[in-house]
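Just so you know, our numbering puts 118 at position 117 of the sequence shown, and the rest follows in order with no gaps. Built from N, CA and C at the ideal position, the CB exists for glycine as well. None of the values given here were measured: they were computed from a predicted structure. Working notes, beginning with the structure itself.
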Amino acid sequence: MKNMIRKVFVTFVVTVTMISCLAMTAFGANATPRWSHWTMLSGEIIIKSDNVALVSVVCDCSPKEANKVTVKCELQQLDGSWKTIKSWTETENDTSIIVEKTYGIAKNYSYRVKVTAKAYKDTKLLETVTETFDYGYYQ
Numbered sequence: 002m003k004n005m006i007r008k009v010f011v012t013f014v015v016t017v018t019m020i021s022c023l024a025m026t027a028f029g030a031n032a033t034p035r036w037s038h039w040t041m042l043s044g045e046i047i048i049k050s051d052n053v054a055l056v057s058v059v060c061d062c063s064p065k066e067a068n069k070v071t072v073k074c075e076l077q078q079l080d081g082s083w084k085t086i087k088s089w090t091e092t093e094n095d096t097s098i099i100v101e102k103t104y105g106i107a108k109n110y111s112y113r114v115k116v117t118a119k120a121y122k123d124t125k126l127l128e129t130v131t132e133t134f135d136y137g138y139y140q
């Protein structure tokens with residue numbers, strides 16, 4: 002009797018697992034990409050011991066479609082709400098761009114970098130994406 006209950010239980014667990022896996026595969030097949038033209042958008046803040054933030058941003062888009070990129074990087078500080086304390090905008094007649102900038106900051110605030118990247122084909126705007134990358138609290 003115990004053997005029979007064990008077999009039924011194992012069969013039930015295997016069946017539920019198989020159905021769950023099939024359902025996940027079916028839903029995963031309909032996943033859509035996050036962006037149409039961008040292949041990578043990355044941002045980071047490194048704060049050195051001398052209260053200087055190094056803001057690094059890397060953006061890359063598909064060379065099949067775009068031939069120019071513009072990126073705006075905003076170093077933001079949380080002071081009740083997010084406020085931009087410094088921004089940089091750079092353009093490349095290429096499909097990728099790397100921005101590395103430094104800026105002096107104050108302790109006892111949270112920081113993040115807001116990145117707005119635009120991909121162009123000649124003068125036609127193909128896509129604009131905006132992402133934020135948090136550093137967290139600096140003390």
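Spatial neighbours of I99 within its chain, please: CB distance less than 6 angstroms, with the 5 preceding and 5 following residues excluded, ordered by chain position. V59
Based on the DSSP output, what are the partners of Y136 in its beta bridges? None; Y136 has no bridge partner.
Reducing DSSP to helix, strand and coil, say where W36 ends up. coil
Beta-carbon proximity check, S37 vs E128, cutoff 7 angstroms: Their beta carbons are under 7 angstroms apart, which means S37 touches E128 by this criterion.
Work out the CA separation of N109 and E66 for me, nearest whole Å. Taken atom to atom, the span from the alpha-carbon of E66 to that of N109 is near 43 angstroms.
What's the gap between the Cα of I106 and the Cα of E45? Cα to Cα, I106 sits roughly 15 angstroms from E45.
Which class does T96 belong to by DSSP, given the choice of helix, strand or coil? DSSP places T96 in coil when its eight states are reduced to three.
List the DSSP bridge partners of T117. In the DSSP assignment, T117 is bridged to K73, T131.
Taking C-alpha atoms, which residue in P64, A54, I48 lies nearest to W39? P64
On the three-state DSSP scale, how would you describe T124? coil
Go ahead and pull the three-state DSSP assignment for S88. strand
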